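A.B. asks: Here it is: the structure, laid out below.
In the UniProt record's numbering, the protein residues as written are 1 to 427.
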């Protein structure tokens, strides 16, 4: 067992008495703590989903879990557009910055609000019962978070933006649960930011009931010194629709696990992901789609742009269960290397146990084409702008698929600045 995990367990043991009976999830804490204490809890190079994840920066650090004051925290500059803003600073809900006036049909609670106890006990920790070590750590350490409940038949036009702001000097462990009831529709944007060195975990769980619609965006824009492990877990009911867009910059260690479980027939998932890694950064994306019922549709597109000495890892698996006849599923991963020292590992998989399905998967790895760059340069376009244009062209399909215009425009601006700072070496 490493130094960091020992510190987490010691801290959880000292807090056990304080948490016993004080919250609805005390039993879950105790169960997860017991699993953490097992010798095989920490992943190794032999653990398939973790074999390319650089865990040493976490293993060698102390667990910094003492509470800290956030009254002096400075609000970051974030784009302004019409949205319901919820600030989570160091894992804590910051009400003075958050939108307190909500439209009819949506309720937002803190993790410990008794009004949401029934909802939390029904879904939290249940959408993905089997969790890896960092999910278990989040169970036993996270003492703050929010629960969003969208009422039946509610159509929420204004996006809900959750700003996860990482703070320096203490670890940040946050929790999010979103329940989208029958026939409801909502847009949720998770925006992770941090201007300092930080260590954080996050677990986001989504229940999408029958005939409900969720547009989900997760933008992870932490600094290069950040250590982040996150999880997004979805379950979708009959005739429901999930549209999820993930955009991540890299860091010293950045990993995201995504899980989707089909619970009802005729549901559909469109999932787009982009990782854009500057020099020396790392990002690891693992996705698992479970088709357990018939007539489901999945379209998953993943694009990566990897800078000099940067490293990307993608593992995607679509699992078609025996009863999931008439499933349509497609998984595609494309990567663009900006240097001969860029590295990507990609492993898209189909696991099919039904015969009446239509499925496809694939992966490509390429470099910026010298001919295309030369074409732009001969037309008077500066090299820096030409490279930005080529990078945008590689991911434009996924950007154009973003339905919300204000979010799409904001992302275009963010990526333009990002590309200008990424060095390209054309062979």
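A virtual CB, placed ideally from N, CA and C, is assigned to each residue, including glycine.
Just so you know, these numbers come straight off a predicted model, no measurement behind them.
Roughly how many angstroms separate the alpha carbons of residue 147 and residue 156, rounded to a whole number?
C.D. replies: When rounded, the distance between both Cα atoms is 16 Å.
A.B. asks: Considering only residues of the same chain and omitting the five flanking positions on each side of residue 2, which have a CB-CB separation below 7 Å?
C.D. replies: Cβ within range, chain order: 42, 59.
A.B. asks: Where does the unbroken beta strand (DSSP E) through residue 109 begin, and where does it stop?
C.D. replies: Where residue 109 is concerned, the enclosing beta strand (DSSP E) stretches over 106–110.
A.B. asks: Straight-line CA distance for residue 327 to residue 272?
C.D. replies: Using only the alpha carbons, I get a separation of about 19 Å.
A.B. asks: Do residue 316 and residue 288 have their beta-carbon atoms positioned less than 9 Å apart in this structure?
C.D. replies: Result yes, Cβ atoms of residue 288 and residue 316 sit closer than 9 Å.
A.B. asks: Report the residue from 293, 160, 112, 201 whose alpha carbon sits nearest the alpha carbon of residue 166.
C.D. replies: That would be 201, whose Cα lies nearest to the Cα of residue 166.
A.B. asks: Tell me which residues share the same chain as residue 350 and place their Cβ nearer than 6 Å to its Cβ, disregarding the 5 neighbours each side in the sequence.
C.D. replies: Hits under 6 Å: 318, 359, 361.
A.B. asks: Where do the N-terminal and C-terminal ends of the beta strand (DSSP E) with residue 206 fall, by residue?
C.D. replies: That run of the beta strand (DSSP E) goes 199–208.
A.B. asks: How big is the Cα-Cα spacing for residue 69 and residue 277?
C.D. replies: Model confidence at residue 69 stands at a pLDDT of 47, short of 50, so the residue's coordinates are unreliable; what they give is reported in the following sentence. Residue 69 and residue 277: Cα-Cα distance of roughly 32 Å.
A.B. asks: When you compare each of 83, 5, 374, 30 to residue 97 by their alpha carbons, which one comes out closest?
C.D. replies: Here the closest residue by C-alpha is 83.
A.B. asks: For residue 105 and residue 154, which I take to be in contact (beta-carbon distance under 8 Å), what is that distance rounded to the nearest angstrom?
C.D. replies: Between residue 154 and residue 105 the Cβ distance is about 3 Å, and since that is below 8 Å, they are a contact.
A.B. asks: Of all the beta strand (DSSP E) runs that stay within the bounds of the region 290–365, which reach a length of 3 or more residues?
C.D. replies: The region 290–365 contains these whole beta strand (DSSP E) runs: 297–306, 311–320, 328–337, 343–352.
A.B. asks: Going by C-alpha to C-alpha distance, which of 302, 145, 366, 223 sits closest to residue 168?
C.D. replies: Taking only the C-alpha atoms, the option nearest residue 168 is 223.
A.B. asks: Specify the secondary structure class of residue 69 as computed by DSSP and reduced to three states.
C.D. replies: Summary for residue 69: the model assigns pLDDT 47, below 50, so the residue's position carries little reliability; its value from the coordinates is reported in the next sentence. Reduced to three states, the DSSP call for residue 69 is coil.
A.B. asks: Look at the alpha carbon of residue 412 and the alpha carbon of residue 35, and state the distance between them as a whole number of angstroms.
C.D. replies: Approximately 43 Å between the Cα atoms of the pair.
A.B. asks: Check this for me: beta carbons of residue 267 and residue 231, under 9 Å apart or not?
C.D. replies: Cβ atoms of residue 267 and residue 231: not closer than 9 Å.
A.B. asks: Output yes or no for whether 9 Å exceeds the beta carbon distance between residue 208 and residue 246.
C.D. replies: Not in contact: residue 208 and residue 246 (Cβ atoms no closer than 9 Å).
A.B. asks: Does DSSP put residue 193 in a helix, a strand or coil?
C.D. replies: Residue state, collapsed to three classes: strand.
A.B. asks: Quick one: what's residue 98 bridged to in DSSP?
C.D. replies: Bridge partners of residue 98: none, in fact.
A.B. asks: Based on DSSP bridge pairs, tell me the residues matched to residue 84.
C.D. replies: DSSP, once it has assigned bridges, lists 160 as partnering residue 84.
A.B. asks: My output table needs one value for residue 222: the three-state DSSP class, helix, strand or coil.
C.D. replies: Residue state, collapsed to three classes: coil.
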